[in-house]
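K.L.:
Before anything else, here's the structure in question.
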Amino acid sequence: MSDPDAPANRHRGEPVSRPAGRAERAATWLQRAIGAGLCLLVLGILVHPQLPNNGYDRWVVTLATLLVAAAAWFVPRRLRPVGTSWSPRRWMWVGAGTWCAGGVLALYEAYLSGYHVSWDAGVVKQAALLPRTQFTPFLVEYFSRYPNNAVLMAVDRLVWHVQHATGVGFDASYALLNAALFMIASGLLYLTVRVVRGAAWAVVALLLMDFLIGVSAWMSVPYTDLLALWTPIGAVLLLIATLRSSGWRGPVLAALAGIALGIGYQVKVTPVVGLVAFAITALFAVGRRGRVGRVVLLGSVAAAVLAFLAASSITSTVSGRLSGTEPLTSGHAASPMVYVAQGLRVQYIPDDRVDMIGGYDGAIDRGTYDMTGDQQARVARSAISRRLRELGPGGLMRFEANKMAFNWGDGMFWAHGEGHDMSQPPTRTGAAARPAVAWSFPGHGLYRLHVDLANTVWFSLLLLTGLGLLRSRYSPEVLLLALTVVGIAVFVLLFQGRSRYLIGHVPVLIALACALAPRPTAPSPTAERRMQHARSFVGRR
C-alpha cells in the first residue's frame with residue numbers, strides 16, 4: 008500500500024515510507040554480518056582466550072557470561088506488563104538520580120584510587136612543570152615524535168596552574184576533571200539511548216557506564232582516554248539527530264558532530280572512525296529520501312568533514328601554543344607505518360607477565376627514534392615485510408584473530424598495564440580510601456572479584472549486541488552505531504593498540520546494545536483470554 012504522505016515528504020526531503028529497496032536489504036545484511044562477527048569474537052574469547060594483564064578465572068567468567076547473556080536475552084521476552092507502567096517523566100527523574108550518583112561514585116574512584124603513573128602520562132605530567140627553556144633533549148624529541156600529546160600537555164599545565172593558584176593538588180584537580188568528563192559522557196549516553204530506545208533503557212545504559220568506566224582504575228589516570236571520552240558518543244547523538252532531521256538543521260547538526268570529532272581526534276586519534284561511519288551510513292540512507300533530502304544528507308556529510316578538518320586544525324594550533332612545547336624538531340612525528348609495524352608484533356611484558364599482542368613494541372620504537380617521517384616509514388615497511396614473510400597468510404590470519412581476542416577480551420581495558428603501573432602502590436590511605444583500594448589495586452581484597460565481574464559484564468554486552476544485530480532490520484541509527492564500533496575494531500586491528508583504546512567507544516557499544524535489547528513478546532489471543540479468565544476467577548473468589 009502506498010503512503011499518502013509520500014509526495015509531501017519527498018518534497019520536504021524527509022524519509023519516505025516505501026518497500027525495502029536493494030540498499031536497505033544490503034544494510035540489513037551488513038548489520039547482521041557485524042552481529043555474526045561479534046558473536047564469533049565472543050566465542051573465540053571464551054573458547055581460546057588470550058589472557059590480558061589482569062587475568063580472570065576463565066571458567067567462572069565463561070559460565071557467568073553465558074548465564075547472564077541468556078537471562079538478558081530470554082527473560083525480557085517473557086515479561087508481561089504489571090499494573091501501570093512508569094511515565095517517561097518518572098524515568099527521567101530516576102535517570103537524573105542515577106546520573107548524579109554515578110558522578111559521585113566516579114569522583115570517589117578518581118580521587119581515592121590514584122597512584123604514580125610511570126609511562127607517557129607520567130612523562131607529560133612532570134614535563135608540564137617545566138618551562139620550554141628547561142626541556143631536556145629527551146623531552147624535545149619526545150614531543151617532536153608525539154605532537155598529539157600537546158593537548159594533554161596543555162591540560163596538565165592548566166591543572167598545575169590551578170594547584171599553584173588555589174592549593175588544590177594536581178591529583179585532586181584531575182580527579183574533578185575526569186569525573187566531570189565522565190558525567191558529560193554519561194549524560195550524552197543517556198540522551199542517545201533515550202532517543203533510540205526510551206528512558207527506561209537509558210537508565211540501564213547509565214548503570215553499565217558506571218560499572219565499566221565509572222569505577223574503573225582508569226578514572227584516576229591523567230591521560231587522553233578520559234579526556235576524549237565524550238567525543239564519540241557526543242558525535243553519535245548529533246549524527247542520529249542529523250539522520251532524523253530535514254532542511255538546514257541537518258548540516259548544522261552534522262557540523263557540530265564534526266567539531267566534536269575534530270577535537271577528539273587531536274586528543275585521541277580514534278574518534279575519527281565516527282566520521283567514516285557516518286559517511287557510510289549516509290550512503291545507505293539517501294535511498295529513503297527524496298531529491299531534496301538526498302542533497303541535504305550529502306551536504307551534511309560534507310559539513311561534518313569540513314567542520315572536522317577545521318576543528319582539528321584549530322585545536323592543534325591552540326593546544327600547541329598553550330602547551331608551551333614549541334619549537335619542536337619538524338618532521339619527526341611518528342609515522343603511521345610505525346604503528347602498523349608495532350601492531351604486527353608480540354612482546355612479552357615482564358611486569359604484567361603476559362604476551363602483548365599487537366601493542367607497543369620497544370624494538371620498533373627504538374629503531375625509528377630521532378628519525379624523519381620518511382626514514383621511519385622505510386624502517387617500518389622493512390619490518391612489516393619481514394613480519395609478513397615470517398607469518399605467511401595462514402599465520403597472519405591466526406595472529407589477527409588472536410589480536411582481536413586479546414584486545415576485546417579484557418573488560419578491565421588494560422588497567423595498570425602500562426609501564427610499571429602494576430607494581431605501583433596507592434597514594435591514598437585511610438578508612439575512606441580502603442574500599443577504592445581494595446576494588447582497584449592488584450593484590451588487594453576485592454580486585455579479583457572486580458576483574459571477574461568486569462569481564463562477565465563486558466563479554467555479555469558484546470554477545471547480546473551481536474545477537475541483537477543478528478535479528479535486526481535496517482535502521483540508520485543502529486547502522487551508525489554498529490559501523491562506529493566496527494571502525495574502532497578495524498583501527499585497533501590495523502595499528503598498535505591495547506584494550507584501553509576501546510574506552511572511548513564503550514559508551515557507543517552500550518548505546519548499541521540498549522537499542523537492540525529484546526522487547527517483551529506480545530501475548531497471543533489465546534493466552535490473553537486465559538489470563539482474563541484467570542483474573543475473573545480470582546475476582547469471584
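For the sequence shown, this note's numbering begins at 8 and goes up steadily by one.
Virtual Cβ for every residue (Gly too), placed ideally from N, Cα, C.
Which residue's Cα is closest to the Cα of M363: A390, K410, D381 and G241?
P.N.:
Translated into the one-based positions of the sequence shown, residue 363 becomes position 356. Cα-wise, what sits closest to M363 is K410.
K.L.:
My understanding is that L137 touches L198, with C-beta atoms under 8 Å, so please give their C-beta distance in whole angstroms.
P.N.:
As a position in the sequence shown, residue 137 is number 130, starting the count at 1. As a position in the sequence shown, residue 198 is number 191, starting the count at 1. Incorrect: roughly 41 Å between the Cβ atoms, too far for contact.
K.L.:
Since W429 and A387 should fall inside the 8 Å C-beta cutoff, what is the C-beta to C-beta distance between them, to a whole number of angstroms?
P.N.:
If you number the sequence shown from 1, residue 429 lands on position 422. If you number the sequence shown from 1, residue 387 lands on position 380. The sequence given here places Met at residue 429; Trp does not occur at that position. Not quite, the Cβ-Cβ distance comes to about 29 Å (not below 8 Å), so this is no contact.
K.L.:
DSSP on V361, reduced to helix/strand/coil?
P.N.:
One-based indexing of the sequence shown puts residue 361 at position 354. If DSSP states are grouped into helix, strand and coil, V361 belongs with the strands.
K.L.:
So V485 is in the alpha helix (DSSP H); what residue range does that whole segment cover?
P.N.:
For the purposes of this step, residue 485 is identified with residue 478 of the sequence shown, where counting begins at 1. Secondary structure note for V485: its alpha helix (DSSP H) is the uninterrupted segment P483 to L501.
K.L.:
May I have a chain-ordered list of the alpha helix (DSSP H) segments no shorter than 4 residues that lie completely inside the stretch 150-204?
P.N.:
List check, alpha helix (DSSP H) in window: 157-173 and 177-203.
K.L.:
Hey, how far is the Cα of V515 from the Cα of M190?
P.N.:
Residue numbering aside, residue 515 sits at position 508 when the sequence shown is read from its first letter. Residue numbering aside, residue 190 sits at position 183 when the sequence shown is read from its first letter. So the alpha carbons of these two residues sit roughly 15 Å apart.
K.L.:
Would you mind sorting Q141 into buried or exposed? The rule is 16 or more other CB atoms within 10 Å of its CB.
P.N.:
Taking the first residue of the sequence shown as 1, we reach residue 141 at position 134. When all chains shown are included, Q141 counts as exposed.
K.L.:
Please work out which residues of its chain come closer than 7 Å, Cβ to Cβ, to W550, disregarding the five sequence neighbours upstream and downstream, and give them in chain order.
P.N.:
Missing from the structure shown is residue 550; the chain here goes from 8 to 548 and no further.
K.L.:
I'd like to know whether the C-beta atoms of D377 and E148 end up nearer to each other than 8 Å.
P.N.:
If you number the sequence shown from 1, residue 377 lands on position 370. If you number the sequence shown from 1, residue 148 lands on position 141. For D377 and E148, yes; Cβs fall inside 8 Å.
K.L.:
Straight-line CA distance for G473 to A135?
P.N.:
Here residue 473 is taken as the residue at index 466 of the sequence shown, counted from 1. Here residue 135 is taken as the residue at index 128 of the sequence shown, counted from 1. Cα-Cα distance, rounded: 43 Å.
K.L.:
Would H457 and D358 be called neighbours here (beta carbons separated by less than 8 Å)?
P.N.:
Position 450 of the sequence shown, counted from the start, is the residue given in the question as residue 457. Position 351 of the sequence shown, counted from the start, is the residue given in the question as residue 358. Not in contact: H457 and D358 (Cβ atoms no closer than 8 Å).
K.L.:
Between the Cα of V130 and the Cα atoms of T143, G121 and L119, which residue gives the shortest distance?
P.N.:
As a position in the sequence shown, residue 130 is number 123, starting the count at 1. Cα-wise, what sits closest to V130 is T143.
K.L.:
Following the continuous beta strand (DSSP E) through V353, name the residue where it begins and the one where it ends.
P.N.:
The residue given as residue 353 occupies position 346 in the sequence shown. First-last of the beta strand (DSSP E) with V353: V353 to I356.
K.L.:
For chain C, is any of its Cβ atoms less than 8 Å away from the one on G241?
P.N.:
Judged by its chain identifiers, the structure shown contains no chain C, having just a single protein chain.
K.L.:
Would you list the residues sitting across from P433 in a DSSP beta bridge?
P.N.:
For the purposes of this step, residue 433 is identified with residue 426 of the sequence shown, where counting begins at 1. Y122, per the DSSP bridge assignment.
K.L.:
If V4 sits next to T322, beta carbons under 8 Å apart, how far is it from one beta carbon to the other, in whole angstroms?
P.N.:
This structure cannot settle anything about residue 4, because the visible part of the chain is limited to 8 through 548.
K.L.:
DSSP on R550, reduced to helix/strand/coil?
P.N.:
Residue 550 falls outside the range modelled here, since the chain spans only 8 to 548, and no answer is possible.
K.L.:
Could you say which of W36, I371 and P229 lies nearest to L165 if we only look at CA atoms?
P.N.:
Here residue 165 refers to the residue found at position 158 when the sequence shown is read from its first residue. Distance check between L165 and each of W36, I371 and P229 places P229 closest, using alpha-carbon atoms only.
K.L.:
Ignore the nearest five residues each way along the sequence and tell me which others in P83's own chain have a CB closer than 8 Å to its CB.
P.N.:
Taking the sequence shown and counting its residues from 1, one reaches residue 83 at position 76. Within the same chain, P83 has close Cβ partners A524, P525, R526 and P527.
K.L.:
State yes or no: is the C-beta of Q503 nearer than 7 Å to some heavy atom of the ligand SAM?
P.N.:
You won't find the ligand SAM in this model; it holds no ligand whatsoever.
K.L.:
Cβ of V200 within 8 Å of Cβ of G494?
P.N.:
Walking along the sequence shown from the start, residue 200 turns up at place 193. Walking along the sequence shown from the start, residue 494 turns up at place 487. It is not a contact, given that the beta carbons lie outside the stated cut-off.
K.L.:
Once DSSP output is grouped into helix, strand and coil, what is the label at K275?
P.N.:
Against the sequence shown, residue 275 aligns to sequence position 268. The answer is coil: DSSP assigns K275 none of H, G, I, E or B.
K.L.:
Report yes if the C-beta distance between L249 and A264 is below 8 Å; otherwise report no.
P.N.:
To locate residue 249, count along the sequence shown from 1; it is residue 242. To locate residue 264, count along the sequence shown from 1; it is residue 257. Reading off the sequence, residue 249 comes out as Thr, not Leu. Yes, they are a contact pair.
K.L.:
Determine the direct distance from the alpha carbon of A179 to that of A234, and round the result to whole angstroms.
P.N.:
Reading the sequence shown from its first residue, position 227 is the one you call residue 234. Reading the sequence shown from its first residue, position 172 is the one you call residue 179. The sequence as given places Leu at residue 234; Ala does not occur at that position. Between L234 and A179, the C-alpha separation is close to 16 Å.
K.L.:
If you draw a straight line from the alpha carbon of V444 to that of L260, how long is it in whole angstroms?
P.N.:
Within the sequence shown, the letter at position 437 stands for residue 444. Within the sequence shown, the letter at position 253 stands for residue 260. Each residue's Cα considered, the two are about 42 Å apart.
K.L.:
What's the C-alpha gap between Q38 and L50?
P.N.:
Start at 1 with the first residue of the sequence shown, and residue 38 comes out as number 31. Start at 1 with the first residue of the sequence shown, and residue 50 comes out as number 43. For Q38 and L50, the distance between alpha carbons rounds to 19 Å.
K.L.:
Taking just the CA atoms, how far does T72 sit from H451?
P.N.:
As a position in the sequence shown, residue 451 is number 444, starting the count at 1. As a position in the sequence shown, residue 72 is number 65, starting the count at 1. Taking the straight line from one Cα to the other gives about 24 Å.
K.L.:
Are the stretch 59-66 and the stretch 482-489 touching, with three or more C-beta to C-beta distances below 8 Å?
P.N.:
no
K.L.:
Secondary structure at V131, three-state DSSP: helix, strand or coil?
P.N.:
Working through the sequence shown from its first residue, we reach residue 131 at position 124. Reduced to three states, the DSSP call for V131 is helix.
K.L.:
Rounded to whole angstroms, how far is the Cβ of A182 from the Cβ of H423, which I believe are closer than 8 Å?
P.N.:
Translated into the one-based positions of the sequence shown, residue 182 becomes position 175. Translated into the one-based positions of the sequence shown, residue 423 becomes position 416. So it is not a contact: roughly 17 Å between Cβ atoms.
K.L.:
Note down, one range per segment and in chain order, each alpha helix (DSSP H) of at least 4 residues found wholly within the stretch 220-295.
P.N.:
231-234, 237-251, 256-274 and 280-292
K.L.:
In this structure, how does DSSP classify H512 when only helix, strand and coil are distinguished?
P.N.:
Translated into the one-based positions of the sequence shown, residue 512 becomes position 505. Helix at H512.
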